[in-house]
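Peer 1: In the numbering used here, the protein residues as written are 320 to 370. Note that CB positions come from ideal geometry on N, CA and C, so glycine has one too. This one's a predicted model, so the numbers in the text were calculated from it and none came from an experiment.
(1) Which class does residue 343 belong to by DSSP, given the choice of helix, strand or coil?
(2) Looking at the structure shown, is residue 366 part of a helix, part of a strand, or coil, going by DSSP?
(3) Helix, strand or coil: how does DSSP classify residue 324 here?
What follows is the structure, given as structure tokens:
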């Protein structure tokens with residue numbers, strides 16, 4: 320799922336969490352999808368963990 324050009328140089332845990340966030344956003348029922356603000360907070364947290 321990750322860009323091959325990264326050559327494995329990324330935290331795998333963060334990739335798994337990003338995929339989980341993506342899966343939540345793809346819920347068929349809109350009421351089960353997270354709010355955009357919650358997505359932003361989660362992605363900002365992941366970005367801070369990967370540096």
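Peer 2: A quick look at the data gives this:
(1) Helix at residue 343.
(2) The three-state secondary structure of residue 366, taken from DSSP, is helix.
(3) Helix.
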